[in-house]
């Protein structure tokens with residue numbers, strides 16, 4: 006029985022996480038247990054447990070008397086996340102280029118193809134899912150489970166900010182993904198690491214421009 010409840014909480018957690026990372030639930034948005042339980046067709050207990058787990062991951066913020074909200078990423082917080090993620094993404098790409106697993110490279114090529122197609126007509130949720138898939142497979146290509154686990158949390162937390170980047174940035178994302186993958190296939194560790202670092206920094210710069218836009222409009 007306890008196992009069934011834990012399994013249900015994980016399913017609910019995965020569903021809420023997907024809505025957050027896909028942009029359906031936006032930073033700062035309240036997460037009302039009753040509404041989520043109705044929408045997901047479950048009781049409030051697994052929803053509450055899922056929100057607690059997501060708060061530990063940094064995707065949800067729990068506050069007394071206010072309840073749960075999707076975590077808002079400030080420019081200062083993003084700068085700290087990017088500082089770490091850019092270094093680890095470089096290491097991840099370097100290891101992928103060094104180890105050149107043919108099976109995972111083929112999977113990455115498939116994801117790249119579908120990602121490019123999604124930039125033309127895909128939904129924001131689809132683009133977010135494929136972007137996560139590309140990075141997960143690149144992490145798998147590094148064949149370092151410790152690094153993969155650390156990177157998963159960092160990617161999800163930075164994705165909270167990057168989700169406001171529009172379709173134009175998505176097109177650039179997939180061009181940059183293609184460059185990283187080409188370097189991995191060539192076995193060029195230095196170029197793969199350089200392009201991976203640049204990719205994260207470019208996404209952060211796009212967020213900074215979008216975040217500053219309302220202030221500029223008000224001047």
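Numbering (our numbering), first residue to last: 6 to 224. Where a beta carbon is used, it is the ideal one built from N, C-alpha and C, also for glycine.
Practice item. Report yes or no: do three or more beta-carbon pairs, one from the region 91-111 and one from the region 191-209, lie closer than 8 Å? Key: yes
Review point. Hey, out of 180, 64, 39 and 89, whose CA is closest to residue 119's CA?
Key: 180
Check your understanding: For residue 123 versus residue 193, is the C-beta distance shorter than 8 Å?
Key -> no
Review point. Taking all protein chains shown into account, do 16 or more other C-beta atoms lie within 10 angstroms of the C-beta of residue 61, making it buried, or fewer, making it exposed?
Key: exposed
**Study point:** Counted within 10 angstroms of its Cβ, other Cβ atoms place residue 217 as buried (16 or more) or exposed
**Key:** exposed
Exercise for review: Grab the span of the alpha helix (DSSP H) containing residue 43 for me, first residue to last.
Suggested key: 38-45
Check your understanding: Between the C-alpha atoms of residue 99 and residue 50, what's the straight-line distance to the nearest angstrom?
Key -> 43 Å
Practice item. Specify whether the region 140-159 and the region 83-93 touch according to this definition: at least 3 beta carbon pairs, one from each stretch, less than 8 Å apart. Key: yes
Exercise for review: Have a look at the DSSP bridge pairing and note the partners of residue 73.
Suggested key: 36 and 67
Review point. The alpha helix (DSSP H) with residue 53 in it runs from where to where?
Key: 49-62
Review point. Could you give the distance in angstroms between the alpha-carbon of residue 125 and the alpha-carbon of residue 178?
Key: 13 Å
Review point. Could you check where the alpha helix (DSSP H) with residue 106 kicks off and where it finishes?
Key: No alpha helix (DSSP H) holds residue 106; DSSP gives it neither H nor E.
Point to revise | residue 59 versus residue 23 - alpha carbon distance | key: 11 Å
Point to revise | Close beta carbons around residue 41, own chain, < 6 Å, minus the five adjacent residues each side | key: 52
Check your understanding: Can you list, in chain order, the residues of its chain whose CB lies under 7 Å from that of residue 131, leaving out five sequence neighbours each side?
Key -> 123
Point to revise | Where residue 78 falls: helix, strand or coil (DSSP) | key: coil
Practice item. With distances taken Cα to Cα, identify the nearest neighbour of residue 153 among 129, 13, 138 and 166. Key: 138
Check your understanding: Roughly how many angstroms separate the alpha carbons of residue 166 and residue 182, rounded to a whole number?
Key -> 19 Å
Check your understanding: Taking the Cβ atom as the reference point for each residue, do residue 117 and residue 146 lie within a distance shorter than 8 Å?
Key -> no
**Study point:** Residue range of the alpha helix (DSSP H) that includes residue 162
**Key:** 150-167
Check your understanding: Taking Cβ to Cβ, would you say residue 27 is nearer than 8 Å to residue 75?
Key -> no
Practice item. To the nearest angstrom, report how far apart residue 212 and residue 77 are at their CA atoms. Key: 13 Å
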